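Trainee: Letter 7 of the sequence shown, counting from 1, is numbered 6 in numbering that gives the first Met the number 0, and no numbers are missing.
Okay, handing you the structure first.
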Amino acid sequence: MVESGTQTHGSVDHRRPPAPEAGCDLVTVPARQGLEAVDILRRGADDAVGPVLHDDGADTLGFVVPAGTAAAWDVPGSTCTRTDGRGLRTAPRPPVEGSDWLLPPGEADLATDPALLRRALGEAARMIEAADSCR
């Protein structure tokens, strides 16, 4: 029997383990800033971005981050919601009606590193401010 990441009889299964069904928080930002942050994160050395949810109706992006992030999240212009495993599921189907995965579970890391996301959101805000001041 081959379990994810373990070796049995000379074979190794390198597939990612299934995304967790609980134990994540959600950082929500305006879509424009979030899209810039996704680009910044994907260009980084680690390409460390987890699943990202796009809510077209609210014009926001939601970054899946590790549980506990909400307790210390203080980035202006964003919110971090503690899910405690309720409501948010990182299943292939989006957990909110009217939304869709920009980066679906299974095609991304299990969660975005909060420190990297904080830096990317700050850089995105500065880029947007600079671009808007040129108009």
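Think of the CB as a built atom: it goes at the ideal place given N, C-alpha and C, for glycine as much as any other residue.
Please read all numbers here as calculations on a predicted model, not as lab measurements.
Tell me C133's beta-bridge partners as DSSP assigns them.
Mentor: In DSSP, C133 forms no bridge with anything.
Trainee: Report the option in R134, D131, A129 and L115 whose CA atom is closest to the CA atom of R42.
Mentor: Among R134, D131, A129 and L115, the Cα nearest to that of R42 belongs to L115.
Trainee: Are there 16 or more other CB atoms within 10 angstroms of the CB of E35, so buried, or fewer, so exposed?
Mentor: Buried: at least 16 other Cβ atoms inside 10 Å.
Trainee: Under the three-state reduction of DSSP, which class applies to T82: helix, strand or coil?
Mentor: In the structure shown, T82 sits in coil (DSSP, three-state: anything other than H, G, I, E or B).
Trainee: Exposed or buried, what is C133 when buried is set at 16 or more other beta-carbons lying within 10 Å of its beta-carbon?
Mentor: C133 comes out exposed.
Trainee: Going along the chain, which residues of its own chain have a beta-carbon closer than 6 Å to the beta-carbon of G33, five neighbours each way excluded?
Mentor: For G33, where only same-chain residues beyond five positions count, the Cβ hits under 6 Å are L60.
Trainee: How big is the Cα-Cα spacing for R118 and R81?
Mentor: Taking the straight line from one Cα to the other gives about 21 Å.
Trainee: Residues in the same chain with beta-carbon distance under 8 Å from L102, minus the five sequence neighbours each way, listed in chain order, please.
Mentor: Around L102: V37, V48, G49, P50 and V51.
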